[in-house]
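Presented below is the structure to which this report refers.
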Amino acid sequence: MTRPLDKVIDNHPMPSWRPVAWTIIGLITITLIWAGFARLDVVAKSLGTVVPQGQIKTVQHLEGGILREFFVREGDKVEKGEKLVQLDLGAAGMNADELQVRIDGLYLKRARLHAHIEGTPLSFPKVAAERQPGLVNAERQAYDSRQNQVSTRLEVVNRQIKQKEAELKEFQAQRKSTKLALGIAHERRAISQGLVKDKLVSKLELLEIRRDISELKGRLSEIEAAIPRAQAGIAEAIARRAEEMVLFRSESVELLRKTEVDLARHSELLSKASDQVRRTEVLSPIRGVVKNLSNNTVGGVVRAGDPIMEIVPVNEKLVIETKLSPTDVGFVKKRMKAIVKISTYEFIRYGGLDGTVTQVAADANQERQSGNHYFRVIVETDKSYLLSEGKKLPISPGMQAEVDIHIGTKSVFQYLIQPVLKLKHEAFRER
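14 is the number of the first residue of the sequence shown in the numbering used here; add one for each residue after it.
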């Protein structure tokens, strides 16, 4: 009975368990070796918020005015120096163009007065002359009129001088001829006196000669007295001519002084007016995002010092402010690497941002609502945007983020055995 069964068993031997056992042992060994060498990242997780890198800038205006035009809207990104708003200063604004015309006119007037004073040909500054050709013609006419006026006055004085010089020459000639006639009369008298004794000439003729001598002496005295008067008249006319020149120059100098004062005053006003013109265009003080646009109505009034809008700074890097648990803060140090996952953009689809820990608070803070303690940690990213199909995805202050701070690595074996070690230390204990 048993022999057939034995034959069946012999023909169908039992499968060997040894290859399977060795395979299992090999797999376990390989798994243990892999678990001992494979490393897993150890991260400290925290929630954070994107905050502005730098202070939010409030855009205001010194004088205020009427809103003429808006160049931005709420949420727009702007560059530093970009136009935000155009204002109309109204009655408070100075007319820079009108002031420039006045200043150009003063420059032209100053050039004319310099020509009067120095006696040089009239020459105008090129820039002012090109801007104000009408004023150039007016100043040329004023120059010619002034020169003609002084020339006329000097011509009158010069004629008087010539007249006095002619009178002086005439008096000098009369004195010469009178002296000559007086000499002849003296000779006639001497001859006649001898002839009267001889009764060749009547005494009456001698008396007539004496009368002629007396008249010639009187005329000579008058001429001698007239010559100094003529010379004094010439000197007076020459002095008057010099006085006219001095008066003309002094008047020009005084006008030049007033012109310089007006020029300085108007230049200062133009500087202020130019500043006002520049300030009518409100520019962005920083690169950032427009926020809290308080008045977006064209024609609205902005009072002096009132906030117009705020600019939240935007930089090439983002700053993430996180709240780290006290249980993790001991492992987190400055310059540790981190991964920032922006909640708005799915991490699996868009990825995250590489960052670095730049600041770890030295003391804990407490949340008002929950009462939980946390440490403030600042993480700065390498860039301020995510990419999707080559397009930049904007990240603005206020967005929420999850931050994984890389604090080290551990093997898979350590990760698997950690619950056992924890159980070992905490089990079979009683308070």
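Ideal Cβ placement from N, Cα and C applies to all residues, glycine included.
Report all residues from its chain with a CB closer than 8 Å to the CB of residue i; omit the five preceding and five following residues, and keep chain order.
| i | result |
| --- | --- |
| residue 257 | 163, 166, 167, 170 |
| residue 320 | 71, 72, 73, 305, 307 |
| residue 323 | 69, 70, 71, 72, 303, 304, 305 |
| residue 280 | 116 |
Kindly indicate which three-state DSSP category residue i falls into: helix, strand or coil?
| i | result |
| --- | --- |
| residue 115 | helix |
| residue 213 | coil |
| residue 22 | Here residue 22 scores only 49 on pLDDT, less than 50, and its place in the model is too uncertain to base an answer on. |
| residue 376 | coil |
| residue 230 | helix |
| residue 348 | coil |
| residue 398 | strand |
| residue 247 | helix |
| residue 326 | strand |
| residue 187 | helix |
| residue 93 | coil |
| residue 340 | helix |
| residue 387 | strand |
| residue 445 | The requested residue 445 is not part of the displayed model; the chain covers only 14 to 444. |
| residue 39 | helix |
| residue 218 | helix |
Is residue j closer than 8 Å to residue i when the C-beta atoms are compared?
| i | j | result |
| --- | --- | --- |
| residue 411 | residue 98 | no |
| residue 112 | residue 272 | no |
| residue 109 | residue 265 | no |
| residue 387 | residue 356 | no |
| residue 135 | residue 156 | yes |
| residue 420 | residue 345 | yes |
| residue 129 | residue 159 | yes |
| residue 185 | residue 240 | yes |
| residue 87 | residue 342 | no |
| residue 351 | residue 416 | yes |
| residue 268 | residue 121 | no |
| residue 206 | residue 217 | no |
| residue 377 | residue 61 | no |
Spatial neighbours of residue i within its chain, please: C-beta separation below 7 Å, excluding the five flanking residues on both sides.
| i | result |
| --- | --- |
| residue 178 | 247 |
| residue 283 | 109, 112, 113, 116 |
| residue 250 | 170, 173, 174, 177 |
Report the option in the options whose CA atom is closest to the CA atom of residue i.
| i | options | result |
| --- | --- | --- |
| residue 318 | 136, 381, 78, 142 | 78 |
| residue 316 | 34, 75, 36, 126 | 75 |
| residue 365 | 389, 345, 393, 375 | 393 |
| residue 330 | 59, 38, 65 | 65 |
| residue 94 | 335, 416, 298, 43 | 298 |
| residue 223 | 208, 295, 202 | 202 |
| residue 334 | 340, 353, 385 | 353 |
| residue 370 | 336, 213, 280, 235 | 336 |
| residue 131 | 220, 245, 263 | 263 |
| residue 291 | 96, 37, 149 | 96 |
| residue 301 | 43, 205, 89, 255 | 89 |
| residue 195 | 205, 218, 91, 227 | 227 |
| residue 188 | 92, 259, 235 | 235 |
| residue 275 | 36, 92, 123, 58 | 123 |
Keeping to the same chain, check which residues put their C-beta closer than 6 Å to that of residue i; ignore five residues upstream and five downstream.
| i | result |
| --- | --- |
| residue 101 | 78, 79, 81 |
| residue 253 | 170 |
| residue 105 | Because the pLDDT of residue 105 is 46, which lies under 50, any placement of that residue in the model is unreliable, and the question is left without a value. |
| residue 117 | 141, 144, 145 |
| residue 233 | 191 |
Within the 8 Å Cβ cut-off, does residue i reach chain D?
| i | result |
| --- | --- |
| residue 243 | Absence of chain D from the displayed structure is noted, only one protein chain being present. |
Could I get the ranges of all uninterrupted alpha helix (DSSP H) runs contained in the segment 111-180, with 4 residues as the minimum, in chain order? Runs of the alpha helix (DSSP H) inside the segment 111-180: 139-144.
Let me know the beta strand (DSSP E) ranges lying completely inside the segment 56-88, each 3 residues or longer, listed in chain order. Assignment of beta strand (DSSP E) within the segment 56-88, counting only whole runs of 3 or more residues, yields 70-73, 78-83 in chain order.
May I have a chain-ordered list of the beta strand (DSSP E) segments no shorter than 3 residues that lie completely inside the segment 252-322? Taken in chain order, the complete beta strand (DSSP E) segments of 3 residues or longer contained in the segment 252-322 are 294-296, 301-304.
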